[in-house]
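Residues in the sequence shown are numbered from 1 upward in steps of one, following the UniProt record's numbering.
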Amino acid sequence: MRLGLYVNLYADKADRPRLADAVEQVRLAEQAGFSWVVLGERHLHRPGYHEAITSLAYLAAHTERIGLATAGLIAPVHQPVWLAEALAHIDVLSGGRLTAGFVLGYRPEEFTLFGTRPEERVPRFEECLELLTRLWTEDEVTFEGRWTRVDGAYLSPRPVQDPRPRIWNGGRVPAALERTARMCDGWTTSFNETDEELPEKIRAYRSFPQGPGSLGAEVIVCREGYAAATTQRAREALERPLRGLYDAYGDWKRTSADAARYAQQWDDIAARSVIGSPDECRERIGRYAEMGADGLVLRVQPPGMPQADALRAIEAFGELGG
1 MRLGLYVNLY ADKADRPRLA DAVEQVRLAE QAGFSWVVLG ERHLHRPGYH
51 EAITSLAYLA AHTERIGLAT AGLIAPVHQP VWLAEALAHI DVLSGGRLTA
101 GFVLGYRPEE FTLFGTRPEE RVPRFEECLE LLTRLWTEDE VTFEGRWTRV
151 DGAYLSPRPV QDPRPRIWNG GRVPAALERT ARMCDGWTTS FNETDEELPE
201 KIRAYRSFPQ GPGSLGAEVI VCREGYAAAT TQRAREALER PLRGLYDAYG
251 DWKRTSADAA RYAQQWDDIA ARSVIGSPDE CRERIGRYAE MGADGLVLRV
301 QPPGMPQADA LRAIEAFGEL GG
């Protein structure tokens, strides 16, 4: 099972955690055998949130082998040509290590910030990915969409990877799974998808026809993760900062159908996470492999967790693979 480290980009008034902390974590994950470092995107977070694409470039410059992934960039709010060019350049700078993961987005204020509307997010998403994929793979592109028009456009340089970097997409409903199969190469689950829901959703995703340019249909399960010597130590390190993050998510997702999941108790959260002793975490990882997952992205450091605790968890997960 390939592991990804979901890096905490949150900041506070003291700028903690700093990107220097992220570099330390990612270098340790690289040494420990993780397959990816994974970044998300957020805006209008007053304490601070480091911008994802420039942060990815920064991490590329401080690493050598580990894959660089997003899960995910809010595709409907971005200008597609700029997004295609910026991500292509990260693939070039990193020597071909990019995986580009996208989401539809859900916060109305983020759409307003970028001058877009939530009700347009699906056609904007599809237009963005169609143009981005063509710019990555074609020598010259002429395209006329609802929001973007190009005539004889091209990227130089194009991505290093041939034919292009892999594309992931998140989403929970059948329409999102169909869209992912048709336009992307992998599905990233939400962090709060329950273990009971996953097998059927994996089957549903892989039952939809893949698009003609698809590079596959991998499943990447996103989970809270913390490995420690004992279950109790894992809970002591993770519970308080994770509860703070979930309280914030409950407010951010007030317009989303899954907002109530962030009000659940510890046992409910632990039941859909990879938290506990090494043996417990190993068993949980094996369970996701049996469900059909190809990779597991672990969020080990919610805001407020000390750097030392995050490093201990990364080391512990690396030892599981050893």
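Backbone N, C-alpha and C define an ideal beta-carbon position, used for all residues, glycine too.
Where residue i sits in the DSSP three-state scheme
i	result
L44	coil
F111	helix
F125	helix
G171	coil
I74	strand
W147	coil
E178	helix
G244	helix
residue 329	This structure cannot speak to residue 329, because the chain is shown only from 1 to 322.
R166	strand
F34	coil
V23	helix
A100	strand
V92	helix
V213	Sequence check: residue 213 is Gly here, not Val. DSSP places G213 in coil when its eight states are reduced to three.
E51	coil
A153	strand
Y205	helix
C184	coil
L56	helix
L9	coil
E224	strand
E218	strand
G318	helix
G292	coil
R282	helix
T194	coil
V141	strand
R299	strand
R2	strand
7 Å Cβ shell around residue i - same chain, five flanking residues per side excluded
i	result
A289	M1
L245	P302 and P303
Residues near residue i in its chain [Cβ-Cβ closer than 8 Å; skip 5 each side]
i	result
Q31	G318
L311	E24, Q25 and L28
L155	A84, E85, A88, L135 and W136
W82	none
L177	G171, W187, K201, A204, Y205 and F208
Inter-residue spacing [alpha-carbon to alpha-carbon] between residue i and residue j
i	j	result
A271	R206	25 Å
G225	R158	35 Å
L113	I314	35 Å
Y58	A293	29 Å
E196	Q264	16 Å
F208	A308	43 Å
L93	A60	7 Å
A153	R124	19 Å
L238	G321	22 Å
D247	L87	32 Å
P302	T189	18 Å
A100	R235	32 Å
T180	V173	11 Å
V297	L5	6 Å
G33	A316	11 Å
F143	D151	6 Å
F191	V300	12 Å
R42	E51	8 Å
L3	L68	12 Å
Q232	T54	37 Å
G211	T230	45 Å
P108	L39	21 Å
Beta-carbon proximity list for residue i, same chain, < 6 Å, skipping 5 on both sides
i	result
H62	V23
F102	G72, L73, A75 and N169
A11	G48
D21	Q307
E120	none
P163	T137
E218	G186 and D294
Buried or exposed (CB count within 10 angstroms, at least 16 for buried), residue i
i	result
V77	buried
P199	exposed
S273	buried
V7	buried
P118	buried
H45	exposed
W36	buried
N149	In the sequence under discussion, the amino acid at residue 149 is Arg, which differs from the Asn named in the question. Exposed is the call here.
G165	The residue asked about is misnamed: residue 165 is Pro in this sequence, not Gly. P165 comes out buried.
R240	exposed
E283	exposed
T133	buried
A175	exposed
E110	buried
T70	buried
Beta carbon proximity, residue i to chain D, threshold 8 Å
i	result
L198	You won't find chain D in this structure, because it holds only one protein chain.
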